[in-house]
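Residue numbers (my numbering), protein chains in the order written: chain B, 1 to 115; chain G, 116 to 228.
Notes to accompany the following structure.
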Amino acid sequence: GAGVSQSPSNKVTEKGKDVELRCDPISGHTALYWYRQSLGQGLEFLIYFQGNSAPDKSGLPSDRFSAERTGGSVSTLTIQRTQQEDSAVYLCASSFAGQRGYGYTFGSGTRLTVV
Amino acid sequence: SQQGEEDPQALSIQEGENATMNCSYKTSINNLQWYRQNSGRGLVHLILIRSNEREKHSGRLRVTLDTSKKSSSLLITASRAADTASYFCATDATAAGSYQLTFGKGTKLSVIP
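Structure (structure tokens):
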């Protein structure tokens, strides 16, 4: 597609349930990033995929968070046993890996609300 | 950890005025980028300035970079109501072979018609 696509755009879930967030990056972008943004705050780095390299998971806040990237394209961020503090907008971005002349292209995000 | 810190946190100006936002960072960088965010959703890349550049222009945007002071500024000239948004600086301080941006908390700009 022409841009980064994220689904769903909004998700309301009950505390304790698992959720899956999906990101479809721009075709040809080998780097994919997940960030989280709480209300009125900056972006918090979660995880970074680059090609076939092992992902950089250093930003994942707990072992309830995990992410996969299948076939070097679509990525899924999974949050298990959701807590209220997980409520945030989850943003996915992609870029040309290793090419510093380019910025990130972001999706519109998934707004997660845990009730 | 927060690399870039924007200043001010919020800015309100009249349409037609210029808006200046500042960003300070802590470590050496490869480049610095500015992004805009409307309504708390996806960010849009505005401009990138490399560590060996001092000034860059794009339309009504002017970005400066002072690596000795570890700071950057974004100037929006002749502001419009449509410029109302949050603006974030992001720094690339990663080693070769990696590419990861660290974002600040943003400046919320309100342009009053």
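Even for Gly, the Cβ is constructed at its ideal location relative to N, Cα and C.
- One thing to note: TYR202(G) has its Cβ no nearer than 7 Å to the Cβ of THR182(G).
- GLU170(G) sits in a strand when the DSSP states are folded into three classes.
- Counting only residues of its own chain and dropping the five nearest sequence neighbours on each side, LYS185(G) has a CB closer than 7 Å to the CB of SER139, TYR140 and LYS141.
- Interface residue (Cβ-Cβ distance to chain B less than 7 Å): GLN148(G) is classified as such.
- LEU43(B) is a Cβ neighbour of GLN37(B), given a cutoff of 7 Å.
- Counting C-beta atoms within 10 angstroms of its own C-beta, GLN124(G) has fewer than 16 neighbours from the protein chains shown and is therefore classed as exposed.
- Of all alpha-carbon atoms in ILE227(G), ILE191(G), SER194(G) and THR179(G), the one lying nearest the alpha-carbon of LEU147(G) is that of THR179(G).
- Rounded to whole angstroms, LYS11(B) and THR110(B) show a C-alpha spacing of 7 Å.
- For GLU20(B), the enclosing beta strand (DSSP E) has its first and last residue at 19-24.
- Under the 7 Å criterion on CB atoms, LEU32(B) is classed as non-interfacial with respect to chain G.
- Of all alpha-carbon atoms in LEU112(B), ALA2(B), ASP86(B) and GLY59(B), the one lying nearest the alpha-carbon of HIS29(B) is that of ALA2(B).
- At a cut-off of 7 Å between C-beta atoms, SER5(B) does not count as an interface residue with respect to chain G.
- For the 7 Å CB-CB criterion, GLN152(G) and ALA200(G) form a contact.
- The Cβ atoms of ARG81(B) and GLY16(B) lie closer than 7 Å to each other.
- Under the three-state reduction of DSSP output, ALA31(B) falls in the strand class.
- Counting other Cβ atoms within 10 Å of its Cβ, GLY40(B) stays below 16 and is therefore classed as exposed.
- Shortest Cα-Cα distance from GLY103(B) to any of GLN215(G), SER194(G) and LYS220(G) involves GLN215(G).
- If the five residues before and after PRO228(G) are omitted, its C-beta is found closer than 8 Å to the C-beta atoms of GLU130 and ALA196, all from its own chain and listed in chain order.
- Interface annotation, ARG175(G): not in contact with chain B, CB-CB separation never under 7 Å.
- If you draw a 10 Å sphere on the C-beta of ARG69(B), you find 16 or more other C-beta atoms in it, and that means buried.
- For PHE45(B), the uninterrupted beta strand (DSSP E) run begins and ends at 43-50, by DSSP.
- Within the same chain, Cβ atoms closer than 7 Å to the Cβ of SER66(B) are found at THR78, the five residues on either side in sequence being excluded.
- At least one beta carbon of chain G lies nearer than 7 Å to the beta carbon of SER108(B).
- By the C-beta density criterion, SER94(B) is buried, having at least 16 other C-beta atoms within 10 angstroms.
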